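What follows is a single structure, written as structure tokens, with notes after it.
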Amino acid sequence: MNPMVSPPIDLATEKRHLGELAPMVIKVALAIGVLGIAGTAWLAYGAHDGGERFYRSYLVAFVYFLSLSLGALFFVVLQHLTHSGWSVVLRRMAEAVAANLPVLAVLALPVLFGLHHLYHWSDPEVVAGDHLLQGKAGYLNVRFFLIRMAIYFAVWAGLSRYYFRTSLRQDETGDPGLTLKMERLSGPAIVLYAVTQTFASFDLLMSLDAHWFSTIYGVYFFAGSILGFFAMLPIIFYLLQRSGRLTHSVTTEHFHDMGKLAFAFTVFWAYIAFSQFMLIWYSNMPEETGWYLRRQQGQWAWVSLTLLFGHFVLPFLALISRYPKRRRGMIVVPTMWILLMHWLDIYWLVMPEASEGRVPFSLLDLTCFLALGGVFVAAAAHRMRRRALVCEKDPRVAESLRFENA
Amino acid sequence: MTGSEKQLRGLLAEFGSTDVLLRAAERVRDAGYTRWDAHTPFPVHGLDEAMGLKTTKLSWFVMACGLCGAGGGLLMQWWMNAVDYKYIISGKPFFSIPASIPVMFEITILVSALAAFVGMLAFNGLPELYHVVFTSRRFVRATNDRFFISIESADPKFDAVTTASLLTSAGAAVVEPLED
Amino acid sequence: MSTALIDNTYKDPAVRPTLVLGGQDFTSITEKVCGIVEAPKPPRIWYICLAVAAGLTGVLFAMVGYLIVTGVGVWGLNIPVGWAFDITNFVFWVGIGHAGTLISAILFLFRQKWRTSINRSAEAMTIFAVVCAGLFPAIHVGRVWLLYWVFPVPNQMSLWPNFRSPLLWDVFAVSTYMTVSLMFWFMGMIPDIATLRDRATTRVRRIVYGLLSLGWRGSNRQWHRYERAYLMLAALATPLVLSVHSVVSFDFAVSQVPGWHTTIFPPYFVAGAIFSGMAMVVTLLVPARQLFGLKEFITLHHLNNMNKLVLATGSMVGFAYGIEFFISWYSGNPFERFAFMNRALGPYWWAYWIMVICNVFVPQVFWSKKARTNLWIMTIVCILVNVGMWFERFVIIVTSLSRDYLPSSWGYFKPTWVDILTMAGSFGLFLTLFLLFLRYLPMIAMAEIKSVMPQAGLEHGAHAGHGQYWGEIPHQHEHQFDELNGVKR
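So this is what it looks like as structure tokens:
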């Protein structure tokens, strides 16, 4: 016998279902959601601005949760594309978060109702007086926008449901052929994902200022989404382990890897953000610089600086060492901070277009966040109420349980 | 060697596989030796723990050098373009942070990488033109397919007989003296 | 299982593919890899290739000499096309140089153990490519003997370089990249050179390899720091490799030239660089593995993986083309729109379509596993990718410059014979260096490949499934091909 053999982790002895926790989580999340909805309704009704402010706050919250689910979908597809073994025990939760995309399709409806409040290109009168917008009308018009939204959500809902269901089916049958099937689809899936995610970011966010354009915008939104997801993932497993679930199967090595990914995408986000800023700043062309100018004037300058330090410098310093990444309680602190910064990033993308020089923080931002967040968590918990929290019969689950960081 | 007697510098033990080597390393470690080493053709996983090695301080050295590189790179650009040799080109400011980031970044990486490489060599005492283990004819296979443990005679616990028997009982295929 | 199996791309999700075939052990790996260097004579074809490559290198030096003696006027570039073949070649070669670091650093961080068979030669290729790349801006400056002015060294005019210029950022990026790649490559080779030293039979070898190996004795105290330094170099080289081609893209993108100024350039250039670099690795390694009998080390599984990376990065590049085209229309800026329509339908339409066909359409055959594992198909595809990536840089640089804002300052660049021969000569230099490397240095990282062998003990206990290597059930891999081999158990 080799002296270094450690007993293998046995999934069968592991508490790997939400069990009695599920109804509680759903109730609390729904309560928060209902509170958020009620508060939102009350505040929006009392604002007497025709919903202007509500729609913007809603868009921020909606895009925020959308980005987390999109990040999760990307993670799931990428794991299959790369035939990854280490991440098998993490994949189910990612699948569950991604499977919120059909829910988000329904939650997109308020954005569509508020189209005229949010997007100036949707107003025929504005377009009639704007030469640039007339040139773009072939793309930026209400009907095509709705068609595109339908396509995006159809693709996302289809992919996320496929991956979630096939993975659940494998829990029952243990058929390794299902893994091969999911891997085969992952190539086309990632292509579809890239196209829909990029154009969705153009449509939902970039067209808030329809004069402005930036080819890297899709990559910027992608970087933020993935980072947000990698920040959320260790928190999910931390909470699950605190409640006694998956205490052995998700090891220190997994937390280390999640921390590494959060670190890597912190740097990637900064790289993309800097590339976009640098090129526009240096070229100094009026048709582009206005977008950054709005974010550098008045109170927005402080938000921009907060992003520079809070979205990059602080997480970079907090995550660079191996030490915190291998400690569960320590890793979740910077990742919670990143989740907050990711929200601020989206806020920073949306709000300056309507409020120059002033940061219009409002209670509506909070209530919309709570409303959507409550629904988001409740939907995921409801989905997982009777499911295993790990892909227990994945052919590579043993590898995932036993891998080590060098 | 001008006629003088060869001196015993230590013992060299040869092992056939990583498994045996790992167990032998644990025994040497537990016996309390400090001036000894294992020699392998490739980094053997788990050997650091088996030998009881502490993690190197190299990372701190690299980090310190990298920070100096970042600060130095920024300072250099500011001093050269905004202090010592000011000239206006394309109406650009003499000094600005965004335009300084690429060069600052490259210098940070350059200095850190040099620190990692040179630091690794320096901490390892390389380059080293001579070492007593090279006197062994067997030792040429340490870079090929065999595994060795060498224990220096300078080790306070070293005793030619007991150390040799420890190595033999730990599974060494051959134990031979190192002399020069 | 003594039978050497050539196809290890067989797929069972529970079993990781074998990385080294043919029942190798540590001894046989050393014999095989060192044997290439120690053989009294290389294969005859090596001499033929070297003669051709050295001849082309001679042409390169002749052209450079002619250029220096006569002046940059011997090239076809002139206002408005002030950059042409020189910068195209520069960006092309820098791009080729990105695959080595991708394989040695990024795949290392991602625990892709299959990299161990190919990282050494890819790193070598990186360095030779950067040598070729550095040549072109150097000879384009005109007065080559004053080139040192690009570095911040005190000189007789007491002037400092202009740090506000992206061209200077390039100097720092490329020279840092060269230095770090060289260190990474050399450091990786130290243990293997020590192997060559310990096997040396002649005095010259003993002295040369002895000096180069720095007295390495494979001590675990040394390995410990060595591995840590290697990890840190990988972690530093990863952002570095992204930065290098990003900075190269800044040369264009910080300007206001339509077709150059677009924000996606940095990541898109990086993807393109890795794309062309991977294609070059495949192009070189397919013949090299045949020539030196390394089919059991650089297996079809390795080539399959590399071709997947070619497909992935190629698709990213194609996607970026599409986004650029879309945004040029969406921008509503007539100059932007013109620049892109001019690329596709203007006087350089042929270059544009060579680029699109080679970079976007051709690699799509790699969706098929048959194509990814067929040596002829992959070689042809990868050569075409390199053609396409050269034309990509040509299209970006020349089409935008040839159409200035006023039609009176439009132009059409035609290369002169000096342009063409200099470019051909740079391939000669690259291949000469690569051929010399194959002959005189260990082209496979022996120490690294041994550490992922089953005999290295990774499949035991806690180390099972360590990284991406052996499957989870100990010794299962020994039988994974039994069925194919007709072995009954």
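Protein chains in written order, with our numbering: chain A, 1 to 406; chain B, 1001 to 1180; chain C, 2001 to 2489.
Beta carbons: idealized from backbone N, C-alpha and C, even for Gly.
Just so we're clear, the structure is a prediction, and the values are computed from it rather than from any experiment.
For the options A:Y119, A:L78 and A:W269, the alpha carbon positioned closest to that of D209 of chain A is the one of A:Y119. The beta carbon of M2183 of chain C sits closer than 9 Å to some beta carbon of chain B. Rounded to whole angstroms, the Cβ separation of A388 of chain A and R16 of chain A is 5 Å, and the two are in contact under 8 Å. Residue contact with chain A for W2083 of chain C: absent (no Cβ-Cβ distance below 9 Å to any residue of chain A). For L1011 of chain B, no Cβ of chain C is located within less than 9 Å of the residue's own Cβ.
Between I2377 of chain C and R2120 of chain C, the gap from beta carbon to beta carbon reaches 9 Å or more. Distance from S84 of chain A to C391 of chain A at the Cβ level is roughly 12 Å; contact not present, criterion being Cβ atoms closer than 8 Å. Per DSSP, the unbroken alpha helix (DSSP H) holding V2208 of chain C starts and ends at R2203 to L2212. Excluding five sequence positions before and after V155 of chain A, the CB atoms of its chain that fall closer than 7 Å to its own CB belong to L192 and T196, given in chain order. For F2092 of chain C, same chain residues with a beta-carbon under 6 Å away, outside a window of 5 residues either side, are W2390 and R2393 in chain order. Below 8 Å, enough C-beta pairs join the stretch 2145-2160 of chain C and the stretch 1073-1092 of chain B to call them touching: three or more. For V25 of chain A, the enclosing alpha helix (DSSP H) has its first and last residue at L21 to A47. Taking V2452 of chain C as reference, the option from B:V1044, B:V1062, B:L1021 and B:G1119 with the minimal CA-CA separation is B:V1044.
If you check each beta-carbon in the stretch 2266-2277 of chain C against every beta-carbon of chain A, the ones closer than 9 Å belong to P2266, P2267 and Y2268.
The beta-carbon of S2117 of chain C is placed no less than 9 Å from the nearest beta-carbon of chain B. Taking a contact as a CB-CB distance under 8 Å, the pair I2298 of chain C and I2029 of chain C does not count as one, their CB atoms being some 13 Å apart. Near chain C, meaning a CB-to-CB distance below 8 Å, the residues of the stretch 161-190 of chain A are P176, T179, L180, E183 and G187. Counting every other CB atom within 10 Å of its CB across the protein chains shown gives P324 of chain A a total of 16 or more, marking it as buried.
In the three-state reduction of the DSSP assignment, S1150 of chain B falls in the strand class. The beta-carbon of Q197 of chain A is placed no less than 9 Å from the nearest beta-carbon of chain C.
As a beta-bridge residue in DSSP terms, E1179 of chain B pairs with B:L1008. Think of a sphere of 9 Å around the beta carbon of M278 of chain A: the chain B residues whose beta carbon falls inside it are P1098, A1099, I1101 and P1102, in chain order. Three or more beta-carbon pairs drawn from the stretch 2229-2242 of chain C and the stretch 1112-1130 of chain B are found closer than 8 Å, and the two stretches are therefore classed as touching. Secondary structure remark: continuous alpha helix (DSSP H) runs of at least 4 residues inside the stretch 2277-2318 of chain C: none found. Here W2114 of chain C has L2019, H2301, H2302 and N2305 as same chain residues with Cβ atoms under 7 Å from its own Cβ, once five neighbours each way along the sequence are excluded.
No Cβ of chain C is located within less than 9 Å of the beta carbon of W42 of chain A.
When the beta-carbon positions are compared, L372 of chain A and A128 of chain A stay at least 9 Å from each other. Secondary structure note for A1038 of chain B: its beta strand (DSSP E) is the uninterrupted segment W1036 to H1039. Residue environment for M24 of chain A: exposed (fewer than 16 other C-beta atoms within 10 angstroms of its C-beta). Its Cα nearest to that of A108 of chain A, the residue A:Y58 stands out among A:M182, A:G187, A:Y58 and A:Y292. If you check each beta-carbon in the stretch 1151-1172 of chain B against every beta-carbon of chain C, none falls closer than 7 Å. Contact of Y292 of chain A with chain B is not assigned, every C-beta pair being separated by 9 Å or more.
At a cut-off of 9 Å, the C-beta of F274 of chain A has a neighbouring C-beta in chain B. Collapsing the DSSP output to three states places R2044 of chain C in a helix. R2217 of chain C carries a coil assignment under DSSP once its states are collapsed to helix, strand and coil. When the Cα atoms are used, S1100 of chain B and E1179 of chain B turn out to be separated by approximately 57 Å.
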